[in-house]
Each structure stands twice: as structure tokens, then as C-alpha cells.
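Student: Can you keep this structure in mind? I'll have questions shortly.
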Amino acid sequence: MSAGMLYGGDEIGALVFDIGHYSLRVGYAQEDTPKAEIPAVVGVVEDGNQNVVPKMEPMEVDDVKKSDSSNVTSGSETKHYIDTTYLHVARKGMEVQTYMKDGQIEDWDLFEKVLDYTYAKCIQSESKYHPVLMSEAPWNVRSKREKLTELMFEKYNVPAFFLVKNAVLAAFANGRATGIVVDSGATHTSAIPVQDGFVLSQAIVKSPLGGDYISMQCKNFLQVRTDNTRLKPRLHSLPYLNNDNDCTFIFVQENDVEVTPPYLIGGKEVVKEREKARWTPRRNVPEVTTSWHNYMVKKVIQDFQASSLQVSETPYDEKTVSSIPTVHYEFPNGYHQASRFATPILDFGSERFRIPEALFDPSVVQIRGGQVGNTMLGVGHIVTTSVGMCDVDVRPSLYGSVVVTGGNSFLQASNYQPAQLLQGFPERLNRDLSVRIPSSMRLKLISANGCAERRFGAWIGGSILASIGTFQQMWISNQEYEEGGKGQVERKCA
Numbered sequence: 060m061s062a063g064m065l066y067g068g069d070e071i072g073a074l075v076f077d078i079g080h081y082s083l084r085v086g087y088a089q090e091d092t093p094k095a096e097i098p099a100v101v102g103v104v105e106d107g108n109q110n111v112v113p114k115m116e117p118m119e120v121d122d123v124k125k126s127d128s129s130n131v132t133s134g135s136e137t138k139h140y141i142d143t144t145y146l147h148v149a150r151k152g153m154e155v156q157t158y159m160k161d162g163q164i165e166d167w168d169l170f171e172k173v174l175d176y177t178y179a180k181c182i183q184s185e186s187k188y189h190p191v192l193m194s195e196a197p198w199n200v201r202s203k204r205e206k207l208t209e210l211m212f213e214k215y216n217v218p219a220f221f222l223v224k225n226a227v228l229a230a231f232a233n234g235r236a237t238g239i240v241v242d243s244g245a246t247h248t249s250a251i252p253v254q255d256g257f258v259l260s261q262a263i264v265k266s267p268l269g270g271d272y273i274s275m276q277c278k279n280f281l282q283v284r285t286d287n288t289r290l291k292p293r294l295h296s297l298p299y300l301n302n303d304n305d306c307t308f309i310f311v312q313e314n315d316v317e318v319t320p321p322y323l324i325g326g327k328e329v330v331k332e333r334e335k336a337r338w339t340p341r342r343n344v345p346e347v348t349t350s351w352h353n354y355m356v357k358k359v360i361q362d363f364q365a366s367s368l369q370v371s372e373t374p375y376d377e378k379t380v381s382s383i384p385t386v387h388y389e390f391p392n393g394y395h396q397a398s399r400f401a402t403p404i405l406d407f408g409s410e411r412f413r414i415p416e417a418l419f420d421p422s423v424v425q426i427r428g429g430q431v432g433n434t435m436l437g438v439g440h441i442v443t444t445s446v447g448m449c450d451v452d453v454r455p456s457l458y459g460s461v462v463v464t465g466g467n468s469f470l471q472a473s474n475y476q477p478a479q480l481l482q483g484f485p486e487r488l489n490r491d492l493s494v495r496i497p498s499s500m501r502l503k504l505i506s507a508n509g510c511a512e513r514r515f516g517a518w519i520g521g522s523i524l525a526s527i528g529t530f531q532q533m534w535i536s537n538q539e540y541e542e543g544g545k546g547q548v549e550r551k552c553a
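Residues in the sequence shown are numbered consecutively from 60, following my numbering.
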């Protein structure tokens, strides 16, 4: 790397990739928000189903790469559909697959397809012109770090590369080099202590309570009956299926809300509150796969989740939540329900508080896939456990900078106010920690008020870091990679 070369400056725009289980965020350093957010799932149509794919497919990644014959797999006609617009189109035989597992890249072929699409459609520039800073999970293993480094230099020929723990980036985004980062994402919630820009790996604590867990509880509440039976799903609603095409759940209340994804709906009629939805099926719908249908059902449930759920600032109490104003939600098939407390049919009012309560008190969930709720750790518990595993001298500085980040750390307050953040999560965490930590400790919770700032915390931290002048000497340059190989990532990216 030549002296004084500013990889992250205005002359050569560095790219920042934040890789998560829910989505991949990408954009230029020095920007306030990512240029694009791409779902971390890919639609895959295998060879035998090609005859049903429409001729005009603007997002087939294989077509995107035809200008570069080196990127086309010989003899393979498998099509990959990437990004929301194209992934949400019903196609016969299209499976939904993810390249992520436990916060780490698992399917490298799919990940490469997404990177190809990102450069061609989002960045619209050749990879060789842009240094790349990528986030990684704090528990990412050496073999995967080296493989990613090799991929970026060998296939994409980037001029420089750097890997940073996402917790460190989230702390930087909030102006902190030391603190404990509470990251609540799709698959888990974790407490990660950071000291002087380095993760204290021995004190990381994770809980499986994340956005997907809350989505599952929403589904249970809306669709599942109270009796302990194996229910065969109805064909016109098709809830989540397991390998045996059945499901077993227990929940506290009997509801039967039909969660119908929009692709099945041809038309709907106006109905009164709590009346059964009257809708007509869409004609000529392809024979979709279970994985794609489940994905579309999940999107409906996530919309309900984001629009209706709210975190109570104090431990859940039926009398307290009954005094809080209700919300209104209409499902895609036309069924709508204004919250009414203590109704025998459906009670959004209390359950919209009880469901997210599981993040802080897992014991409120009776059974979830055979897992007893109170055996898992709530958010406040994982923070105190993590800090307790750190050196005594470090603990005051950790409690003095509790950084809240992640897409699951906020919920929208109303279906009609999509930009308004629900402040219940950080306030509730602050309350829980206040009663758990020693009185001699000073507690300060740091949480960005804006939706983008909290959701894209790690990406914003990367955008800041890659544009700082003093960081430029930290890059792994192409020359250093040629001399030292992929092992350079372990030496330079601690």
C-alpha cells in the first residue's frame, strides 16, 4: 500500500458491507445510511423447473453476469432470484434458501450470487475500484474469515479489505470505544462487551430470543388452538409446516385468524370488525414450494408484529396494559380487529404486550417447540451475566455505556405511524438493569432515537470508520495479500 493512499476518501469510495441473518446492508463510506438492503434469503429454481420461469426476468443473477463469462457456471441452469421485488413473485418450484447460519456465512455459493447482484445492480461499478470493509459476528471462526478474505481478493480483486466485529462498529456509531453492546437481531439477542475497540470474546452471552422468536409467538397466537393436538393445517391458509406436514403448539388463548399472504388474494370485500374475511382466491397461481409460502406468511406476520406489538416499560401486568390505548390492524385478506380487552375472540390489546415480554421474561411463554421459556435468558439477564464475566476494573465502564442496537430493538407504535419508534425496548432494558446491578455502578443506556440509526448501527459505524484518516493504514492491501496470503486477516483484523 503506497504511503498516503486514502482508500476511504472521496477519490476512491470505500464500500461498507454489514452482513446479517435478516439482510445484507451495503453502501459507500461517509454516507449516513446504506445504499441498499438486500434480504439474506435467495429464491432458487433448479434445472428441471426452468420451463416455468417467465422469459422476462430482470433479476436473474445469471443474466446479470453474462457480460463476464468467467462468472457463468458451465452446464448449470439453476436460477437465483435476489432482492425483495423479485423474491416476492410466485414461481413454481422456487425454494427459499439462506446463506447465513448463527450469524456466519454458511452457503458460500449463494453469498457469491448476492455479491454479484450487489455490484451489478446496487453499486453498478466494478469491484476492483472499491476497497471493502465488512462486518462480522464476534464469534466468527478463523476458517470463514480467511475464506471471505480470499474470496474478496481472488474473485472480486478488491484493492483493499478489512473485517471488523459488528459490535465494535455499533459502539463506534454511538461514539463509544468501550461499552457493552446489546444487539437484538433476527435470530438472537446478544450482549457483547467492547474495550478500547476490541471485543472481549470470553464474555459474550447469547440468547435465542430475537425477531424470529417473536414472529413465531405471533403466529402461535393468531393461528393455534389451545388443545394439545397435532393440527393438520388448512390448505387455503397453509401455516408453517415441518417435515411431517403438521405442527404442535400450545398457547393460552383460542384464536383462528387466517393469515393469508397477498399472493393468494385476488380480491376482497369490506367486512365489519371481527367478521370472517371474505376474499376470492387469485387465479393461475403457480404451484409454490412450502419454503416460499412459509416465507410469505412470515412477511405478513412480521408486518403485524411491527405494527401492533409494544414493549411494556415495566414487567407485564394485565391491569396496567388494559389502560393503554388500543391499536387497529387489518390483515391482507381484509380481516381487521380493533383491540378490545378481555374479548373471547381476539385480544390484540394485551397480547401485543405479552408477546414481546418474552424478550425480557421468557417464563411468560408456556411452550415453544418443546422448549420451556424460563430456561432461556432475558435481555437484562444476558447483559448482567456478560458484564459479570469481565474483569472487575472494566465493569464500571461497561455499565456506563450500554449500547442498544439491532433491528429487533425497536417496534413501530402504530400501523399509521410507520416512522415512529417505540421507545419501550431501551426504557424497559434500562429499568431491568437498574434493579439488577449494584447501586454503586453508574448506569447509562445509549440508544439512537432514529429508526435507521438503530437498525443500521453496525453499518453506520463502518461508514464512519472507513472514512477516518487514521484508519487508512489499517487496510489489508492487495499487495499485502499477495505477500502474506489470507492469513493476513488474523494478523491485521483482530
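Where is the CB? At the ideal position from N, CA and C, for every residue including glycine.
Drop a sphere of 10 angstroms on the beta-carbon of Trp507, count the other beta-carbons inside from all chains shown, and report buried for 16 or more, exposed for fewer.
Tutor: Residue identity differs from the one stated: residue 507 is Ala in this sequence, not Trp. By the 10 Å Cβ count, Ala507 comes out buried.
Student: Quick one: measure Cβ to Cβ for Asp106 and Glu154, integer angstroms, because I've assumed they're closer than 8 Å.
Tutor: That belief does not hold up - the Cβ atoms of Asp106 and Glu154 are roughly 13 Å apart, past 8 Å.
Student: Leaving out the 5 sequence neighbours to the left and right, which residues in its chain are closer than 6 Å to Asp271 when beta-carbon positions are compared?
Tutor: Ala245, Thr246
Student: Would you mind working out which of Leu502, Lys551, Tyr145, Ile527 sits nearest Tyr16, comparing C-alpha positions?
Tutor: Since the first and last residues shown for the chain are 60 and 553, residue 16 lies out of range.
Student: Can you tell me whether Pro455 is buried or exposed? The criterion is at least 16 other CB atoms within 10 Å of its CB, across all chains shown.
Tutor: exposed
Student: Determine contact between the stretch 160 to 169 and the stretch 353 to 363, defined as no fewer than three beta-carbon pairs at a distance below 8 Å.
Tutor: no
Student: With DSSP run on the structure shown, which of helix, strand or coil describes Val227?
Tutor: If DSSP states are grouped into helix, strand and coil, Val227 belongs with the helices.
Student: CA-CA distance, Cys510 and Ala525?
Tutor: 22 Å
Student: Starting from Ile251, trace the beta strand (DSSP E) both ways and give me its first and last residue.
Tutor: 248 to 254
Student: Hey, how far is the Cα of Asn489 from the Cα of Leu502?
Tutor: 8 Å
Student: Going by Cα to Cα distance, which pick from Gly459, Tyr375, Leu228 is closest to Ser409?
Tutor: Tyr375
Student: Contact between the stretch 460 to 468 and the stretch 187 to 200 is defined here as three or more beta-carbon pairs at a separation below 8 Å; is this criterion met?
Tutor: no
Student: CB-CB under 7 Å to Ile523, same chain, minus the five flanking residues each way: which ones, in chain order?
Tutor: Phe231, Ala232
Student: For the stretch 539 to 551 against the stretch 204 to 223, are there 3 or more C-beta pairs whose distance is under 8 Å?
Tutor: Touching, per the Cβ criterion.
Student: Candidates Trp198, Ser367, Arg201, Val264: which alpha carbon is nearest Leu281's?
Tutor: Ser367
Student: Closest by CA to Glu96, which one among Val548, Ile441, Phe515?
Tutor: The candidate whose alpha carbon is nearest that of Glu96 is Phe515.
Student: Please return the same chain residues whose Cβ sits closer than 8 Å to the Cβ of Asp149, not counting the five positions on each side in sequence.
Tutor: In the sequence on display, residue 149 carries Ala and not Asp. Cβ neighbours of Ala149 beyond the five flanking positions: Tyr322, Val344, Pro345, Val347, Trp351.
Student: Determine, using beta carbons only, whether Ile527 and Arg235 come nearer to each other than 8 Å.
Tutor: no
Student: Along the chain, where does the beta strand (DSSP E) that runs through Tyr87 open and close?
Tutor: 82 to 87
Student: State the start and end residues of the unbroken beta strand (DSSP E) segment that holds Asp266.
Tutor: A small correction: the amino acid at residue 266 is Ser; Asp does not occupy that position in the sequence shown. Residues 264 to 266.
Student: From which residue to which residue does the alpha helix (DSSP H) around Ile206 run?
Tutor: Note that residue 206 corresponds to Lys in the displayed sequence, not to Ile. From DSSP, the alpha helix (DSSP H) with Lys206 extends over 201 to 213.
Student: What separation, rounded to the nearest whole angstrom, lies between the Cα atoms of Trp534 and Lys551?
Tutor: 8 Å
Student: Where does Val451 land, buried or exposed, given buried means 16+ other C-beta within 10 angstroms?
Tutor: exposed
Student: Can you grab the Cα-Cα spacing for the pair Arg84 / Trp338, in whole Å?
Tutor: 37 Å
Student: In whole angstroms, give me the CA-to-CA distance for Pro113 and Ala179.
Tutor: Because the pLDDT at Pro113 is just 39, under 50, the model does not fix this residue reliably, and the value given afterwards should be weighed accordingly. Using only the alpha carbons, I get a separation of about 21 Å.
Student: Nearest to Lys358 by CA position, among Asp77, Thr143, Glu372, is which residue?
Tutor: Thr143
Student: List the endpoints of the continuous alpha helix (DSSP H) containing Ala511.
Tutor: According to the DSSP assignment, Ala511 belongs to the alpha helix (DSSP H) that extends over 510 to 514.
Student: Let me know the secondary structure DSSP gives Gly573 once reduced to three states.
Tutor: Nothing about residue 573 can be reported from this structure: the residues present for the chain run from 60 to 553 only.
Student: Less than 6 Å between C-beta atoms, sequence neighbours within five positions excluded: which residues of the same chain meet that for Thr444?
Tutor: Val264
Student: Where does Pro455 sit, in a helix, a strand or coil, going by DSSP?
Tutor: Pro455 carries a helical assignment under DSSP once its states are collapsed to helix, strand and coil.
Student: Could you tell me the boundaries of the beta strand (DSSP E) in which Ser381 lies?
Tutor: Judged by DSSP secondary structure, Ser381 falls outside any beta strand (DSSP E); it is assigned neither H nor E.
Student: Between Ala517, Glu486, Ser493, Leu457, which lies nearest to Asp255 when the distance is taken from Cα to Cα?
Tutor: For Asp255, the closest C-alpha among the options Ala517, Glu486, Ser493, Leu457 is that of Leu457.
Student: Looking at the secondary structure, which residues open and close the beta strand (DSSP E) in which Met355 lies?
Tutor: Careful: Met355 lies outside any beta strand (DSSP E), inside the alpha helix (DSSP H) at 349 to 367.
Student: Identify the continuous beta strand (DSSP E) that holds Gln156 and give its terminal residues.
Tutor: 154 to 157
Student: Using only the alpha-carbon positions, how far apart do Leu268 and Val356 sit?
Tutor: Each residue's CA atom was taken as its position, placing Leu268 and Val356 some 20 Å apart.
Student: Between Thr248, Val240, Ile273, which lies nearest to Val258 when the distance is taken from Cα to Cα?
Tutor: Val240
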